[in-house]
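Residue numbers (the numbering used here): -19 to 607. Every residue gets a Cβ at the ideal spot worked out from N, C-alpha and C, and that includes glycine.
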């Protein structure tokens, strides 16, 4: 009996190790589960047989980013069926979407009567062989700056290899909407009959304004070179297949009096197609791309010059690329929330784009002796209600279907975590100023309203515009009291019949009621100590029930970490260049000051493309000179 039992147990273990174990008896059929992903609800339709085997997994990740969440679905669904396990590898760069897929499948298994623990089977991974390659220039990161670096280097005749840890190219550069440029051919054509406007849209003017805004803490040679090159970069990118257009309407109403802040914005016509075309162009020039390949180390000779890059291939094997130049275009560290919280001195920031950017490129450079600079600078951009998820009221995020967002995006009463008013709420009409105000009180604040105010939103009778900054504005009408109740149920808001009770629930101090009284007085007199114009002093907070909705500042990325020169060469502690080492985009510091981002549209993507183009040209020039 013992021998027979041992044989059966051993056979079962072998089968599980091979990923073919019948894990548990369930009620056969197809079951659905769902879980919150990065941007949307991820849905799974899981089919099981009577023995509990997964026979099919269908995933709906249509609300996630196609090149991250979409790739995760393609990889994980068949792997789960093959290995009969929910513990298959997550897709690099799509960790949150991958985890949502896993949770959605587990939820479906539970509905079928299965035990999720029995599907949590570790899948053995066969490590591939080590390989060695050579390239004149290696670019780590296939986002905007890495793509530009690769194109510029390849068209200069260099042998270029791009490494991207995610399964697809684009990164945050594909999620962004557009980039800045001055003196572009698009501007000259569109505004040819408006010479006064063209006089404003010049490199000289933008350079002066940015240096002044940054209090001359930004690097003048870098700033000047990037701005002067920006116009030609638009034409250059269009030559490689990316297409842009100038906007005719500015969603950030607060910038309208200043054309230089928004008439410089060149918007993608199609983000995805732009990257497809640019990589086709790179391939025609002999450039190569390896996705799902994570660079993690570099090698140097006795003089400190970069000689090789070390990476992990998709099969887990080690890849060594011998090279003469390395461009680190890994997008900063905005996806490392612990690091972001420490450097920005706030645990309240919400990461909305830089999910896969964990600072690897910065760390590689620091190991090579690079000088650290500007790590405490983030692209804080607008705010959002904190944690309002899919519900009967809709979904909330940077892509939003919840009408309650109108309460967030209009100039009502804002208070800090102690319940004290802290700014002129008119700042809602500028993405940067809005985020800066929220950051000034730690990254979290509350929007305070009464029921009568919500009724005005239900009636769709607002005396001012909804801001075009930040989350998208859904259309339609709805019951805003119902939306508010839903937010309270989800813990995003607090409700009380009195202001004293609201203060207790939300954690405000005893001064909250006076703050509200002072604001009500400002609404009545149309005179505000913070300078809020009378046209926005419309809704007091007087009649219960009262609500306080929690909002958080959004971070799209970080904006520095390594000191570079105007050629994007990384500098060491003695301000000497590290041979063969370049940093671009959000790894490179010098175009901004800390910690604020200037209120000019498209600066981050513009710096990414231009710094990448510069690095590619300069690296190719150095490689050619060394031959």
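1) Could you check which residue in 567, 16, 560 and 78 has the C-alpha nearest to that of residue 601?
2) Under the rule that 16 or more other beta-carbon atoms within 10 Å means buried, what is residue 145, buried or exposed?
3) How big is the Cα-Cα spacing for residue 639 and residue 416?
4) Is it true that the CB of residue 101 sits closer than 8 Å to the CB of residue 59?
5) Measure the alpha-carbon distance for residue 266 versus residue 133 and round it to whole angstroms.
6) Extract the residue ranges of the alpha helix (DSSP H) inside the stretch 419 to 492, only unbroken runs of 4 or more that lie entirely within it.
7) Counting along the chain, where does the alpha helix (DSSP H) carrying residue 36 start and finish?
8) So, residue 286 versus residue 301, is the Cβ gap smaller than 8 Å?
9) Going by DSSP in three states, residue 346 sits in which element: helix, strand or coil?
10) Does DSSP put residue 537 in a helix, in a strand, or in coil?
11) Taking the C-alpha atoms as reference points, what is the distance between residue 72 and residue 252?
12) For residue 138 and residue 197, I'd like the C-alpha separation in whole angstroms.
13) Just list the residues that DSSP pairs residue 297 with in beta bridges.
14) With respect to the alpha helix (DSSP H) encompassing residue 593, which residues constitute its N-terminal and C-terminal limits?
15) Using the three-state DSSP reduction, which class does residue 331 fall into: helix, strand or coil?
16) According to DSSP, is residue 244 helix, strand or coil?
17) Around the Cβ of residue 195, are there at least 16 other Cβ atoms within 10 angstroms (buried) or fewer (exposed)?
18) Would you give the residue range spanned by the alpha helix (DSSP H) that residue 167 belongs to?
19) Distance, Cα to Cα, residue 127 vs residue 540?
20) Using the beta-carbon count (16 or more within 10 Å), is residue 511 buried or exposed?
21) Using C-beta distances below 8 Å, list every residue in its chain close to residue 333, excluding the 5 sequence neighbours before and after it, in chain order.
22) In this structure, does DSSP put residue 361 in helix, strand or coil?
23) When DSSP labels each residue in this structure, what does residue 556 get in the three-state scheme?
24) Which value, in whole angstroms, describes the spacing of the CA atoms of residue 399 and residue 451?
25) Whole angstroms is fine: what's the gap from residue 428's alpha carbon to residue 148's?
26) Are at least three pairs of beta-carbons, each pair with one atom in the stretch 338 to 355 and one in the stretch 385 to 399, less than 8 Å apart?
27) Taking the beta strand (DSSP E) that residue 276 belongs to, which residues open and close that run?
28) Do residue 312 and residue 337 have their beta-carbon atoms positioned less than 8 Å apart in this structure?
29) Residue 608 bridges to which residues according to DSSP?
30) Near residue 131, which residues of its chain fall below 7 Å by C-beta distance, leaving aside the five closest residues on each side in sequence?
31) I need the straight-line Cα distance from residue 447 to residue 231, nearest angstrom please.
32) Between 579, 585 and 552, which has its C-alpha nearest residue 564's C-alpha?
33) Quick one: complete beta strand (DSSP E) runs, 3+ long, within the stretch 69 to 142?
34) Could you give the distance in angstroms between the alpha-carbon of residue 95 and the alpha-carbon of residue 10?
35) Could you give the first and the last residue of the continuous alpha helix (DSSP H) run that contains residue 253?
36) For residue 240, I'd like the list of residues in its chain whose CB is within less than 8 Å of its CB, leaving aside the five on either flank, ordered along the chain.
Checking against the coordinates, here is how it stands:
1) 560
2) buried
3) Past the boundaries of the shown model lies residue 639; the chain is included only from -19 to 607, so the question cannot be answered.
4) no
5) 11 Å
6) 431 to 438, 460 to 469 and 479 to 486
7) Careful: residue 36 lies outside any alpha helix (DSSP H), inside the beta strand (DSSP E) at 34 to 40.
8) no
9) helix
10) strand
11) 19 Å
12) 35 Å
13) Bridge partners of residue 297: none, in fact.
14) 583 to 606
15) strand
16) coil
17) exposed
18) 165 to 170
19) 19 Å
20) exposed
21) 152, 155, 156, 314, 536 and 537
22) strand
23) coil
24) 24 Å
25) 42 Å
26) no
27) 274 to 280
28) yes
29) Nothing can be reported for residue 608: it is not among the residues displayed for the chain, which extend from -19 to 607.
30) 220, 258, 261, 262 and 596
31) 7 Å
32) 585
33) 111 to 120
34) 16 Å
35) 251 to 264
36) 180, 181, 185, 186, 189 and 580
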